[in-house]
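Each number in the numbering used here comes from the position in the sequence shown (counting from 1) with 190 added on.
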Amino acid sequence: MGKSKGFRSKTRSLLRKKPRERGKINITKILREYKAGEKVVIKIDPSVHKGMPHRRYHGKIGVVTAKRGRAYIVNVTQGDAVKEIIVRPEHLAPWREE
């Protein structure tokens, strides 16, 4: 049998919510605005399928460069390369320096 190579393959535990986090997402998460140059964490919300980035970017820190429709263009470094991905705000969280 051939291997599965879908967009969400090997995400069984990665894209899983805890029982208390299930249900509708908070409206403030959808309406949150990000400015260009702001650092964000890519935190995939599995209940929202639109604008979902690939699993390799989950937990990565990127810089917002522009807004495209409802989504944002985020630059993420992957090794030496800088990748430009399009992500909706449901899958983003502000980065807090600690």
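Ideal Cβ positions, reconstructed from N, Cα and C, are used throughout, including at glycine.
Spatial distance of residue i from residue j (CA atoms)
i    : j    : result
F197 : A226 : 28 Å
T267 : K214 : 31 Å
A256 : R212 : 30 Å
R260 : E223 : 10 Å
I275 : D235 : 16 Å
Endpoints, alpha helix (DSSP H) assigned at residue i
i    : result
T218 : I217 to L221
Enclosing beta strand (DSSP E) for residue i [first to last residue]
i    : result
T255 : I251 to R258
P284 : L282 to P284
I263 : A261 to Q268
Cut-off 7 Å between Cβ atoms - residues of its own chain near residue i, not counting five sequence neighbours on either side
i    : result
K193 : none
L204 : R245 and H248
beta-carbon residue i near the ligand GTP non-hydrogen atom, thresh 6 Å
i    : result
M242 : No copy of the ligand GTP occurs in the structure displayed, which carries no ligand at all.
Spatial neighbours of residue i in its chain, beta-carbon cut-off 6 Å, leaving aside the 5 residues before and after
i    : result
T201 : R245
E228 : V254
W285 : K229, V230, V231 and I251
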